[in-house]
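Those protein sequences? They're chains A and B, same order as listed.
So the first sequence is numbered by our numbering: it starts at 1 and just counts up by one.
So the second sequence is numbered by our numbering: it starts at 1 and just counts up by one.
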Amino acid sequence: MTIVVGYVPTPEGEAALTQAIAEARKSNTKLLVINSSKGDALVDNRYAQEPEIQTVEDRLATEGIDHVIKQPVRGHDAAAEVLDAAEEHNAEMIVIGLRRRTPVGKLILGSVSQRILLEADCPVLAVKA
Amino acid sequence: MDVWSSLMDGFATALTPMNFLYAVIGVILGTAVGVLPGLGPAMTVALLLPVTYALEPTSAFIMFAGIYYGGMYGGSTTSILLNTPGESSSVVTAIEGNKMAKAGRAAQALATAAIGSFVAGTIGTTLLAVCAPIVVKFAVSLGSPSYFAIMMLALLAVTAVLGSSRLRGFASLGLGLAIGLVGLDSVTGQRRLTFGQPLLSDGLDIVVVAVAIFAVGEALWVAAHLRRTPLHIIPVGRPWMGKQDWKRSWKPWLRGTAFGFPFGALPAGGAEIPTFLSYVTEKRLSKHPEEFGKGAIEGVAGPEAANNAAAAGTLTPMLALGLPTNATAAVMLAAFTSYGIQPGPQLFTSEGPLVWALIASLFIGNLLLLIINLPLAPVWAKLLQLPRPYLYAGILFFATLGAYSVNLQAFDLVILLVLGALGFMMRRFGLPVLPLILGVILGPRLEGQLRKTLQLSAGDPAGLWSEPIAVVIYIIIGIILLWPLLFKLFRRNRAAAAPAGPQLKSGSSAPNEAGGSVSHASHRASGGDGGDGDGDG
Chain A
1 MTIVVGYVPT
11 PEGEAALTQA
21 IAEARKSNTK
31 LLVINSSKGD
41 ALVDNRYAQE
51 PEIQTVEDRL
61 ATEGIDHVIK
71 QPVRGHDAAA
81 EVLDAAEEHN
91 AEMIVIGLRR
101 RTPVGKLILG
111 SVSQRILLEA
121 DCPVLAVKA
Chain B
1 MDVWSSLMDG
11 FATALTPMNF
21 LYAVIGVILG
31 TAVGVLPGLG
41 PAMTVALLLP
51 VTYALEPTSA
61 FIMFAGIYYG
71 GMYGGSTTSI
81 LLNTPGESSS
91 VVTAIEGNKM
101 AKAGRAAQAL
111 ATAAIGSFVA
121 GTIGTTLLAV
131 CAPIVVKFAV
141 SLGSPSYFAI
151 MMLALLAVTA
161 VLGSSRLRGF
171 ASLGLGLAIG
181 LVGLDSVTGQ
191 RRLTFGQPLL
201 SDGLDIVVVA
211 VAIFAVGEAL
221 WVAAHLRRTP
231 LHIIPVGRPW
241 MGKQDWKRSW
251 KPWLRGTAFG
261 FPFGALPAGG
271 AEIPTFLSYV
281 TEKRLSKHPE
291 EFGKGAIEGV
301 AGPEAANNAA
311 AAGTLTPMLA
321 LGLPTNATAA
331 VMLAAFTSYG
341 IQPGPQLFTS
351 EGPLVWALIA
361 SLFIGNLLLL
371 IINLPLAPVW
381 AKLLQLPRPY
391 LYAGILFFAT
401 LGAYSVNLQA
411 FDLVILLVLG
421 ALGFMMRRFG
431 LPVLPLILGV
441 ILGPRLEGQL
451 RKTLQLSAGD
461 PAGLWSEPIA
471 VVIYIIIGII
481 LLWPLLFKLF
491 RRNRAAAAPA
501 GPQLKSGSSA
511 PNEAGGSVSH
521 ASHRASGGDG
531 GDGDGDG
């Protein structure tokens with residue numbers, strides 16, 4: 001069994017990671033960190049660069065958690081990547097970070113979190129930054 | 001002074017509210033396409049050509065000039081903040097600029113690039129205003145044989161000197177000349193390469209060719225290479241420079257300008273060679289040579305000044321002789337023809353107000369660019385977050401609309417797709433785009449001069465070298481073509497003289513080769529991003 005966490009280098013992403021580490025320790029399972037990009041723009045601030053990934057790696061190593069970090073760039077959106085990973089590894093839980101949104105903002109922008117919440121086959125833990 | 005009063009008239013025309021508005025639109029568009037790798041001023045001008053048919057030629061050219069200069073400014077932003085050259089002429093800027101940005105000096109790098117571009121652009125444009133009339137005075141005395149020779153020189157030099165492979169360059173030039181041949185023979189009225197298709201007898205519209213090769217070819221190429229690991233923009237505040245930076249920048253600016261303008265003005269000058277020369281010079285002259293490779297401000301200031309001065313230099317032969325030496329100038333020349341304006345030395349007399357308004361607008365555009373680029377460079381960099389499918393969908397839409405609107409013929413769309421596929425294949429196999437577009441545009445004019453020469457000499461080929469200037473140019477062409485052979489011969493002799501063998505041979509020729517190979521590498525780098533079509537070769 002595995003816990004899947006959707007990571008982005010933002011406060012939401014960090015909050016999700018912190019929570020995921022706590023969960024993984026509690027149930028003593030493997031942690032799968034997913035950070036993805038569609039890869040169709042030249043610049044994507046939600047795709048973690050080498051130093052940021054190194055920080056995450058170091059943190060997980062010092063916490064002593066069995067982990068895998070994946071950064072798929074395959075043209076799928078982040079929700080699809082997280083859901084795929086959860087299904088593939090038969091995840092017991094998905095951890096995601098949520099942003100505060102106004103109702104209007106919610107209406108205009110599609111939400112990665114919403115798609116994960118609605119489509120996941122396992123429990124989803126949503127954390128606010 | 002004649003030049004002075006003409007220039008002042010030019011300013012009066014360029015500063016009318018409408019023309020000023022077009023200058024603003026031009027510099028904004030130019031900066032945007034400059035920032036985005038793969039898009040460049042040549043493609044943008046080609047896409048806008050059909051749209052601008054409704055405008056006054058003066059307004060259209062003021063906008064085009066803004067786009068051209070804007071591209072030079074925008075390219076440096078991407079080079080510095082992302083280490084991906086936005087334009088082929090900004091390749092060298094990326095070497096030191098990105099190192100500076102990584103060391104937390106992005107603001108200074110952007111500032112020296114923008115201010116250096118402004119200084120070089122202003123000096124370059126001044127030189128253009130002074131030199132162009134002198135070149136014209138000289139040029140009106142030239143006859144057809146000399147023109148033929150000069151055009152041959154431009155075509156061969158662009159093909160043979162620039163780019164990574166001569167074979168590919170000549171293949172591209174051949175394709176261009178063949179496309180230029182399609183249509184009725186101007187003298188005898190025979191049909192050439194029309195394949196019995198009556199719609200081809202008018203020839204291929206240059207707008208359709210340019211849009212297909214630049215826009216459609218590029219869009220297909222990007223679509224085939226869409227996925228790539230995204231990067232982060234290095235965060236930066238408002239660009240600024242300390243006293244020390246000014247002190248270290250002003251000399252490289254001036255030296256860069258001195259390299260850029262003459263190289264831009266030469267046929268086959270382009271902006272890559274002077275930017276590279278400027279970089280090497282600054283490296284040698286610098287008081288802080290240890291900083292080179294770690295982010296030396298001189299390495300940004302010099303090349304950025306050089307590429308803007310080269311941009312101004314390129315306009316000298318374009319306006320004075322009707323001789324384009326890079327892709328953007330070639331498309332602008334096509335624009336002259338589509339407005340029914342005959343490019344060449346008579347341009348200054350027949351279209352004086354337009355030319356001087358264009359030159360004046362370069363000064364204005366330069367100032368506008370400094371204003372919009374200095375404080376806003378980080379904002380421009382945000383454009384890079386745009387998902388490229390949306391961007392290229394828009395470009396394809398405009399390309400199709402533009403190609404159709406030229407003649408309102410559905411047949412043009414077929415040509416657009418066929419040539420777009422050709423543009424894609426050329427990028428796939430590493431063929432440079434510049435020789436093709438120059439071939440299409442200069443080919444028919446080259447043929448015209450050749451026919452005129454032969455008619456004057458009653459068919460005697462000796463007429464081709466009947467003018468002394470033509471003879472000199474043929475000798476230069478000969479040297480360019482035989483250069484690799486001579487170089488090899490020279491090297492072999494030297495190797496034979498020194499028995500030390502291969503180590504010494506490679507060592508002794510290294511400095512020379514470094515010059516060539518790095519500028520070639522820059523072509524390839526930009527080709528990899530698909531941006532070589534808009535590179536100023």
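Just so you know, even glycine gets a beta-carbon here, dropped at the ideal spot from N, CA and C.
- Taking 7 Å as the cut-off between beta carbons, none of the residues of the region 83–103 of chain A comes near chain B.
- Around L396 of chain B, the same chain offers A219 as residues with beta carbons nearer than 6 Å, after the five sequence neighbours per side are excluded.
- In this structure, A470 of chain B sits away from G10 of chain B, with a CB-CB distance that is not shorter than 7 Å.
- Identification of chain A residues near R388 of chain B by a Cβ-Cβ cut-off of 9 Å yields D40, A41 and L42, ordered along the chain.
- As the crow flies, the alpha-carbon of F424 of chain B is around 30 Å from that of P343 of chain B.
- T44 of chain B is outside the set of residues whose beta carbon lies under 7 Å from a beta carbon in chain A.
- Counting along the chain, V127 of chain A sits inside the beta strand (DSSP E) bounded by residues V124 to K128.
- Around the C-beta of L32 of chain A, 16 or more other C-beta atoms lie within 10 Å, and the residue is accordingly described as buried.
- The beta carbon of G203 of chain B sits closer than 7 Å to the beta carbons of V182 and G183 from its chain, once the five residues preceding and following it are set aside; these are given in chain order.
- Taking 4 residues as the minimum length, the alpha helix (DSSP H) runs contained wholly in the region 35–114 of chain A are 50–63, 78–88 and 103–108, in order along the chain.
- Counting only residues of its own chain and dropping the five nearest sequence neighbours on each side, F363 of chain B has a CB closer than 6 Å to the CB of T125.
- Interface annotation, T229 of chain B: in contact with chain A, CB-CB separation under 7 Å.
- Proximity of the region 110–129 of chain B to the region 301–312 of chain B meets the contact definition, three or more beta-carbon pairs being nearer than 8 Å.
- Relative to V43 of chain A, the option among B:A458, B:A120, B:A101 and B:L231 whose CA is nearest is B:L231.
- For F20 of chain B, the closest alpha carbon among the candidates B:G340, B:T58, B:W4 and B:P41 is that of B:T58.
- Collapsing the DSSP output to three states places G74 of chain B in a helix.
- For the options B:G448, B:R492, B:I480 and B:A258, the alpha carbon positioned closest to that of Y147 of chain B is the one of B:G448.
- Residue pairing of K30 of chain A in beta bridges, as defined by DSSP: A:T2.
- Under the Cβ criterion of 7 Å, I233 of chain B is counted among the residues facing chain A.
- Boundaries of the alpha helix (DSSP H) around L333 of chain B: A327 to S338.
- In terms of beta-carbon proximity, G75 of chain A lines the interface with chain B, with at least one pair separated by less than 7 Å.
- The beta carbon of I213 of chain B sits closer than 8 Å to the beta carbons of L419, G420, L422, G423, M426, V433, L436, I437 and G533 from its chain, once the five residues preceding and following it are set aside; these are given in chain order.
- One alpha carbon belongs to S6 of chain B, the other to A111 of chain B, and they sit about 33 Å apart.
- Straight-line measurement puts the Cα of L384 of chain B at about 31 Å from the Cα of T18 of chain A.
- Among the residues facing chain B, Y7 of chain A is not included, as its CB has no counterpart in that chain under 7 Å away.
- Relative to the Cα of L442 of chain B, the nearest Cα in the group B:T275, B:A149, B:K102 and B:G242 belongs to B:A149.
- With contact defined as three or more Cβ pairs closer than 8 Å, the region 21–30 of chain B and the region 58–73 of chain B are in contact.
- P37 of chain B counts as buried, since no fewer than 16 other beta carbons sit within 10 angstroms of its beta carbon.
- By DSSP's assignment, R192 of chain B forms a beta bridge with B:G183.
- The Cβ of Q49 of chain A sits closer than 7 Å to at least one Cβ of chain B.
- At the C-beta level, I80 of chain B and G104 of chain B stay beyond 7 Å of one another.
- For P37 of chain B, the neighbours in chain A by C-beta distance under 9 Å run, in chain order, L42.
- Between A334 of chain B and the set B:F276, B:A393 and B:A210, the nearest pair of CA atoms involves B:A210.
- By the criterion of a C-beta distance shorter than 7 Å, A139 of chain B is surrounded in its chain by A320, L321 and P345, once the five residues flanking it on both sides are discounted.
- L396 of chain B is outside the set of residues whose beta carbon lies under 7 Å from a beta carbon in chain A.
- Residues of the region 66–89 of chain B whose Cβ lies closer than 8 Å to any Cβ of chain A, in chain order: L82 and T84.
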